[in-house]
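Here's the structure we're looking at; comments come further down.
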């Protein structure tokens with residue numbers, strides 16, 4: 001099941017970073033940058049990278065990795081209701097899912113064909 005130890009370590013680290021950043025009280029971090037919907041862009045990127053790293057780390061169907069990423073994102077949004085200054089947001093779930101789906105498509109398009 002393990003495909004690459006290096007990417008496995010990176011995937012674990014990335015998962016921990018996403019978990020940490022999803023559940024900390026953020027206050028006004030990043031409020032000085034005036035980009036519309038910047039948090040949705042960040043959500044998309046977090047879950048795009050999540051799927052890419054796990055796809056390089058383990059041997060399993062890309063769909064399963066995408067499904068785990070989407071469920072992980074839903075779980076993070078659910079847990080945010082228990083975090084001060086954070087609230088769950090359905091649009092964040094959509095951004096997470098779109099990042100995971102896009103990464104899955106990217107992996108399928110760029111994977112090496114069997115010869």
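Numbering (full-length UniProt numbering), first residue to last: 1 to 115.
No residue lacks a Cβ here, since even glycine has one placed at the ideal position from N, Cα and C.
Range covered by the alpha helix (DSSP H) that runs through residue i
| i | result |
| --- | --- |
| residue 66 | 62-79 |
| residue 45 | 38-57 |
| residue 83 | Careful: residue 83 lies outside any alpha helix (DSSP H) and carries neither H nor E. |
| residue 92 | 90-110 |
Identity of the residues DSSP links to residue i by a beta bridge
| i | result |
| --- | --- |
| residue 2 | 58 |
Three-state secondary structure assigned by DSSP to residue i
| i | result |
| --- | --- |
| residue 22 | helix |
Under 7 Å between C-beta atoms of residue i and residue j
| i | j | result |
| --- | --- | --- |
| residue 103 | residue 52 | yes |
| residue 93 | residue 109 | no |
I'd like to know if the region 7-16 and the region 42-58 are in contact, where contact means that at least 3 CB-CB pairs between them fall below 8 Å. The region 42-58 and the region 7-16 touch, with three or more beta-carbon pairs separated by less than 8 Å.
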